[in-house]
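Mind the numbering: the sequence shown is residues 1311 to 2169 in this note's numbering, read in order.
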Amino acid sequence: MNSEAVIRHTKLVTKTAVLSFAAFFIMLCASAPQAGADGEVVAWGSNSMGQTNMPTGLSGVAAIAAGWGHNLALKNDGTVVAWGYDAFGQTNVPAGLLGVTAIAAGVNHNMALKGDGTVVAWGDNGYGQTNVPAGLSGVVAISGGYKHSMALKGDGTVVAWGTNDYGQISVPTGLSGVVAIGAGASHSIALKGDGTVIVWGSNYAGETNVPPGLAGVISIATGYSYNMALKSDGTVVAWGYSFYGQTNVPAGLSGVVAIAAGEYQAMALKADGTVVVWDHVWAGQTNVPTGLSGATTIASGNGHCVALKPYGPTITTNGRLLPGGGPGVAYSQTLAASGGSAPYNWTVVSGRLPAGLVLASNGIISGTPTARGLSCFRVRVSGADGLATEKEFALRINVAVNPASGSTLNSSTMTFSWDAVDGATQYALWVGTVPGGYDLYAKIEGTNRSRMLTVPTNGGNVYVRLWALISGTWQAVNDYSYTAAPPPVKAAMTSPANGSTNSSASVTFTWDAGVGASQYALWVGSASNTYDLHALLVGTNLSRTLSLPVDGRALYVRLWSCLYGNWEYNDYSYRAFNAVKARFTGLANGATLGGTNVTLNWDAGAGATQYALWVGSRAGTYDLAAMLTGTNLSQTLTLPADGRRLYVRLWSLINGTWRQNDYEFAAYTDPASLTAQMISPTNGTTLLSTPVTLNWSSGTGASQYALWVGSAPGDYDLHALLVGTSRTQALSVPLDGGSVYVRLWSLVGGTWQFNDYAYETSSGGAAVKAQMTSPANGGTLVAASTTFSWSAGTGVSQYALWMGNSPGSYELYAAVVGTNLTQAVTLPVDGGPVYVRLWSQMGGVWKFNDYFYTAFLAP
């Protein structure tokens, strides 16, 4: 018979379980399954303090606990009996103590949990361990250690008191969701509903180092500096102090349903009611009484062990972990018992049921769980004769299904996953369009706990049934229902309108969600079915802003939608924005400027976000001005007044790229600029050597030049010469400390006009400014890198250099050179003018001499 036939035609027994992404590991309170036997408390091992001597007439015991040298018994009438070591009054049960539902034994003190959620403690109080915090209520579980005590409240929080010498009562901040607790010698342990184990306090022997990867825990126990964990597969893990081998779990130990940790010996109760003890044997505590069976609870003390065989009805519900459930999924589980005196009455005596579930007196746990996680609780079944038996159970509420039952599927391909079902060796799935149907899928999944399936996308119903093979029988675990995803619809562009022209370089595309789309993508190209401009995945976003060309071209946009795993698209076309560079207004290209202060105005263009200006003496240069003007549409500049050609470049930033329009203007001509002007030496300079080289500008209207040099203003007793068109002349002058007067003549429009200059000469001793010695003033530089040298002068403390494209400017170079008498400078190689100012600091005052050169012209 094929696998489908096995699933479809095998008789199945319904059992509640859950689906989820992964199993949630849980940890239970320590207890044991019922084996069924005559009621009896059995103790063995050390009897040095009478702890193994059963009190005369002891009967009707529902629970037991073991301390350092004493024992406790909780009777079905809610009273407590204690015997053994009593040095601290630990066997003196408080008078009138009634209504007890749970007990715990510390080293030398005891605790009792009452039905009203309050706690009573007695015995050794040397460390405050019996000082129950005032107002403590709502407690569902208790545990006693050496010098401290613990209580678990119904809200999943933990309270601890007593000594804190190792931090054992410093409950970790934010600890919640706890389902079980344990108090060790100087450490504490908690088990959370999400399956994690938290240990704090002393780490003397590694007891707080939870083994990496520990999972599937359903119960814990803690002894002297060591811990034990019972896993759902019936195996045991132990860690911490192991001098006596107490963490050396016997090889092959399995089928365990309860654990207990004493001072140095560890105990395990198996499903068949037999007991295993290891390792410290100094008092015979590992010698389990021959024939002991049917035990339901175990307890481990200091060198002695205790086991309880039930006095009341035998609880026949197997195991510790009840079948799991899922949030929002109705749950029902019947607890069963036999023997004793019927009818039975069931109650929860400690711990708590999952939220949303209740235990009825007839033993049925039912309701609808509201939250996931583990719950640990102890139930009591009482017969009509009043005799009772207790047992601890755990119930795990996991994610019912992934995807969650009742949800709408979001794709045509879905992965269904589920938690492990206790006892299951294989799983199977049915998927159909009617409840219990399998017209869409039916297969045995083996041990896999997930399956990817193709499901309809028609908005109809989808039904899933999970099967589990347990003890050779296929059982229906749970049914789940879904709404199939609706028919897919591709996303459509909502803005800008198809066929429209963009209004700028930045365009925001917006689209609707479509139906069934899990993500989106965009292509933008210069031709249909291309993506040379943009190709991007935009995820679940419903808009994207893009930077696009501004040249008026046709743009083609493809909007992709991933519909249930398949990519489909809609196409759109647009016209790019046509950007226009800014242009000058009010001043015609080629015009002559009317002054030195000029305001340039321009329009905004189209698509320009900011502007810039260059002004140079040659096309494409910016030796006169270079500035970013932001969003301003005008700029006032101070320009030369010598009638030269001015080259202006107006920049526009369009779509992140600078674009320009070029203009030429004639500079304003200042009448004073018609005549030549002395460039060097600077008027008023002290001449240090002879001959002296005079350099002058061309003037804008001069056709030739002449020089007078004399000892008095306007005199020419030293020199009088016509120099033609030359703009430099070397002359000898007397160096006698006197004045030298120079008249520079310019022939302008047939008329000689002049400018006068006066100089002092050096006679030695007085402070004298440094003089450039190389290269010669007025010369042409022979390379890009030029070494300038100068004399030391007299009384000069340091020097500086300025170099620029106009007299007194320093856009090419500016530096203080200290006491150096040379400086190498790299200059332009465009054949243009280079004006050099050599500064000398004399008596704290900076003074200068000016020089003029022609830059090297690169070939």
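Glycine included, every Cβ here is placed at the ideal spot set by N, Cα and C.
Check: With burial defined as no fewer than 16 other Cβ atoms inside 10 Å of the residue's Cβ, what is the status of Gln-1344: buried or exposed?
Finding: Any reading at Gln-1344 needs caution, since the residue's pLDDT is 33, under 50, leaving its predicted position unreliable; the model's value is listed next. Buried.
Check: Around the C-beta of Asn-1420, are 16 or more other C-beta atoms found within 10 angstroms, so that it is buried, or is it exposed?
Finding: A residue is called buried once 16 or more other Cβ atoms fall within 10 Å of its Cβ, and Asn-1420 is buried on that count.
Note to self: Check whether the stretch 1834-1847 and the stretch 1799-1813 are in contact - that is, three or more C-beta pairs closer than 8 Å.
What the structure shows: Judged by pairs of C-beta atoms under 8 Å, the stretch 1834-1847 does not touch the stretch 1799-1813, as fewer than three such pairs exist.
Checklist line | Sequence-distant residues of its chain with Cβ nearer than 6 Å to Gln-2151 (five each side left out) | finding: Around Gln-2151: Ser-2107 and Gln-2108.
Check: Could you give the distance in angstroms between the alpha-carbon of Met-1762 and the alpha-carbon of Ser-1727?
Finding: Going by the C-alpha atoms only, they are around 9 Å apart.
Check: Along the chain, where does the beta strand (DSSP E) that runs through Asp-1589 open and close?
Finding: Here the beta strand (DSSP E) through Asp-1589 covers 1585-1589.
Check: So is Trp-2055 buried or exposed if we call it buried at 16+ other beta carbons inside 10 Å?
Finding: With 16 or more Cβ atoms within 10 Å of its Cβ, Trp-2055 is classed as buried.
Notebook entry, point to check: By Cβ distance, which residues of its chain are closer than 8 Å to Gly-1696, with the 5 residues on each side in sequence left out?
Noted result: Closer than 8 Å at Cβ, skipping near neighbours: Gly-1370, Asn-1386 and Asp-1387.
Next item on the list: Consult DSSP for Ala-2022 and reduce its assignment to one of helix, strand or coil.
Entry: It is coil, neither helix nor strand.
Margin query: Which of the three DSSP states is assigned to Pro-1981 in this structure?
Written below: Here Pro-1981 carries a helix assignment [DSSP, helix/strand/coil].
Check: Taking C-alpha atoms, which residue in Asn-1712, Val-2050 and Arg-1969 lies nearest to Thr-2000?
Finding: Ranking the options by Cα distance to Thr-2000, first place goes to Val-2050.
Checklist line | Unbroken stretches of the beta strand (DSSP E), 3 residues or longer, contained in the stretch 2067-2124 | finding: DSSP runs (the beta strand (DSSP E)) wholly in the stretch 2067-2124: 2082-2084, 2095-2100 and 2106-2114.
Notebook entry, point to check: Taking one C-beta from the stretch 1606-1615 and one from the stretch 1630-1638 each time, how about it: are there three or more such pairs within less than 8 Å?
Noted result: The stretch 1606-1615 makes no contact with the stretch 1630-1638: fewer than 3 CB pairs, one atom from each, lie closer than 8 Å.
Next item on the list: For Lys-1891, collect the residues of the same chain with a Cβ closer than 8 Å to its Cβ; drop the 5 residues on either side in sequence, then sort them by chain order.
Entry: Counting only Cβ-Cβ distances below 8 Å, and skipping sequence neighbours, we find Gly-1915, Ala-1918, Leu-1960, Ser-1962, Ile-1964, Arg-1969, Gln-1970 and Asn-1971.
Note to self: Is it the case that the stretch 1588-1598 contacts the stretch 1661-1678, given that we only count it when at least three CB pairs across the two stretches are under 8 Å?
What the structure shows: In this structure the stretch 1661-1678 does not lie against the stretch 1588-1598, because fewer than three pairs of beta carbons, one per stretch, are closer than 8 Å.
Next item on the list: Please report how far the alpha carbon of Tyr-1973 lies from the alpha carbon of Val-1958, in whole angstroms.
Entry: If you draw a straight line from the Cα of Tyr-1973 to the Cα of Val-1958, it is about 5 Å long.
Next item on the list: Kindly indicate which three-state DSSP category Glu-1573 falls into: helix, strand or coil?
Entry: Here Glu-1573 sits in coil by DSSP.
Margin query: Here's the rule I'm using: 16 or more other beta-carbon atoms within 10 Å means buried, otherwise exposed. How should Ala-2134 be labelled?
Written below: By the beta-carbon neighbour count (other beta carbons within 10 angstroms, threshold 16), Ala-2134 is exposed.
Next item on the list: Put Glu-1702 into one of helix, strand or coil per three-state DSSP.
Entry: Taken through DSSP and simplified to helix, strand or coil, Glu-1702 comes out as strand.
Checklist line | 8 Å Cβ cutoff met for Ala-2068 and Asn-2159 | finding: Their beta carbons are not under 8 Å apart, which means Ala-2068 does not touch Asn-2159 by this criterion.
Margin query: Starting from Gln-1736, trace the beta strand (DSSP E) in both directions and tell me its first and last residue.
Written below: Residues 1734-1742.
Item checked: Alpha-carbon spacing of Gly-1505 relative to Val-1488, whole angstroms -> Distance between the alpha carbons of Gly-1505 and Val-1488: 9 Å.
Check: Can at least three beta-carbon pairs, one atom from the stretch 1465-1484 and one from the stretch 1442-1451, be found at a separation below 8 Å?
Finding: Look at the beta carbons and you see the stretch 1465-1484 touching the stretch 1442-1451: at least three pairs across the two are nearer than 8 Å.
Next item on the list: Give a yes or no on whether the C-beta atoms belonging to Tyr-1554 and Gly-1349 are separated by under 8 Å.
Entry: Here Tyr-1554 is not near Gly-1349, since their CB atoms are 8 Å or more apart.
Item checked: Cβ neighbour criterion (16 or more within 10 Å) applied to Trp-1875 -> Here residue 1875 is Gly; the residue named in the question, Trp, does not match the sequence. Counting Cβ neighbours within 10 Å, Gly-1875 comes out exposed, since fewer than 16 surround it.
Notebook entry, point to check: For the stretch 1954-2020, which segments carrying the beta strand (DSSP E) assignment without a break, of at least 3 residues, lie completely within its bounds, in sequence order?
Noted result: Runs found: 1955-1964, 1967-1976, 1988-1990, 2002-2006 and 2012-2020.
Next item on the list: To the nearest angstrom, report how far apart Gly-1733 and Thr-1757 are at their CA atoms.
Entry: Spanning the two alpha carbons is a distance of roughly 12 Å.
Margin query: Need the endpoints of the beta strand (DSSP E) that Gly-1370 sits in, please.
Written below: DSSP places Gly-1370 outside any beta strand (DSSP E), giving it a letter other than H or E.
Notebook entry, point to check: Taking three-plus beta-carbon pairs below 8 Å as touching, is the stretch 1668-1677 in contact with the stretch 1638-1647?
Noted result: Under the three-pair Cβ rule at 8 Å, the stretch 1668-1677 counts as touching the stretch 1638-1647.
Note to self: Determine whether the beta carbon atoms of Thr-1596 and Val-1585 lie at a separation below 8 Å.
What the structure shows: Their beta carbons are not under 8 Å apart, which means Thr-1596 does not touch Val-1585 by this criterion.
Check: Do three or more CB pairs link the stretch 1530-1550 to the stretch 1568-1578 at distances below 8 Å?
Finding: A contact exists between the stretch 1530-1550 and the stretch 1568-1578.
Next item on the list: Could you tell me whether the Cβ atoms of Val-1442 and Gly-1661 are closer together than 8 Å?
Entry: Cβ atoms of Val-1442 and Gly-1661: not closer than 8 Å.
Check: Under 8 Å between the Cβ atoms of Ile-1491 and Ile-1499?
Finding: Their beta carbons are under 8 Å apart, which means Ile-1491 touches Ile-1499 by this criterion.
Notebook entry, point to check: Would you call Arg-1885 buried or exposed, if buried means 16 or more other Cβ atoms sit within 10 Å of its Cβ?
Noted result: Result: exposed.
Notebook entry, point to check: With Val-1567 and Pro-1623 assumed to form a contact (beta carbons below 8 Å), what rounded beta-carbon distance in angstroms separates them?
Noted result: Contact doesn't hold; Cβ gap of about 18 Å is too wide.
Checklist line | Per DSSP, cross-strand counterpart(s) of Arg-1690 | finding: Thr-1657 and Glu-1700, per the DSSP bridge assignment.
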